[in-house]
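Down below is the structure, laid out as structure tokens.
In UniProt numbering, the protein residues as written are 1 to 181.
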């Protein structure tokens with residue numbers, strides 16, 4: 001038979017199952033996405049995360065801490081923070097240590113809601129003692145600076161300029177200055 005006179009079903013066989021084609025096409029697309037070294041953080045919608053995402057280096061969706069990162073992400077969203085605001089705050093924070101500290105602070109804030117006011121009192125006392133140590137260090141540095149200025153003023157008071165009135169040789173009008181120590 002001539003192929004031009006044949007029906008398509010006679011040439012290619014029976015029509016394929018469209019549902020099967022759709023599933024295979026979806027699986028093929030998913031494998032292609034994964035083969036591109038897809039990066040994903042906990043906060044972004046699946047497949048929408050980019051390499052410059054500020055949460056990617058702090059809350060990745062892979063690795064040994066995946067489950068802990070997912071819990072942290074859920075707590076951040078549950079405490080009422082918008083994802084956009086979280087990402088902007090993390091961009092401002094800069095390095096990974098600062099980002100981790102900020103996220104841990106937010107998670108601790110969320111966890112402390114269940115612990116009651118006693119937790120806040122203890123936590124505030126710890127923070128106050130840390131801040132007081134910093135203030136004491138700076139106060140000591142200021143006192144040392146003041147003592148140095150007092151000593152410098154005392155040295156300047158004891159030294160005096162004596163005007164002998166003798167002109168410097170070769171330069172009329174200039175006088176010789178001497179200091180007593």
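Glycine is no exception: its CB is placed at the ideal position from the N, C-alpha and C atoms. This structure is a prediction, so every number in the text was calculated from the model and none was measured.
Residue i burial status per 10 Å Cβ neighbour count (16 or more: buried)
{"i": "residue 148", "result": "exposed"}
{"i": "residue 134", "result": "exposed"}
{"i": "residue 104", "result": "exposed"}
{"i": "residue 90", "result": "buried"}
{"i": "residue 41", "result": "buried"}
{"i": "residue 158", "result": "exposed"}
{"i": "residue 142", "result": "exposed"}
{"i": "residue 122", "result": "exposed"}
{"i": "residue 152", "result": "exposed"}
{"i": "residue 150", "result": "exposed"}
{"i": "residue 76", "result": "buried"}
{"i": "residue 53", "result": "buried"}
{"i": "residue 146", "result": "exposed"}
{"i": "residue 126", "result": "exposed"}
{"i": "residue 140", "result": "exposed"}
Same chain, Cβ closer than 6 Å to residue i, five either side skipped, listed in chain order
{"i": "residue 88", "result": "none"}
{"i": "residue 83", "result": "43"}
{"i": "residue 102", "result": "93"}
{"i": "residue 81", "result": "none"}
Beta-carbon proximity of residue i to residue j, cut-off 9 Å
{"i": "residue 96", "j": "residue 58", "result": "yes"}
{"i": "residue 70", "j": "residue 56", "result": "no"}
Whole-Å CB distance - residue i paired with residue j, under 8 Å assumed
{"i": "residue 72", "j": "residue 107", "result": "5 Å"}
Reduced DSSP secondary structure (H/G/I, E/B, other) of residue i
{"i": "residue 55", "result": "coil"}
{"i": "residue 60", "result": "strand"}
Residues near residue i by beta carbon distance below 7 Å, same chain, minus five either side
{"i": "residue 236", "result": "Because the chain in this structure spans residues 1 to 181, residue 236 falls outside the shown range and cannot be described."}
{"i": "residue 156", "result": "none"}
Nonlocal neighbours in the same chain, by C-beta distance under 8 Å from residue i, ignoring five residues either side
{"i": "residue 21", "result": "Caution is warranted here: a pLDDT of 48 is assigned to residue 21, below 50, making its placement in the model unreliable, and no coordinate value can be reported."}
{"i": "residue 109", "result": "79"}
Closer than 8 Å: residue i CB and nearest the ligand MN heavy atom
{"i": "residue 45", "result": "The ligand MN is absent from the structure shown, which contains no ligand whatsoever."}
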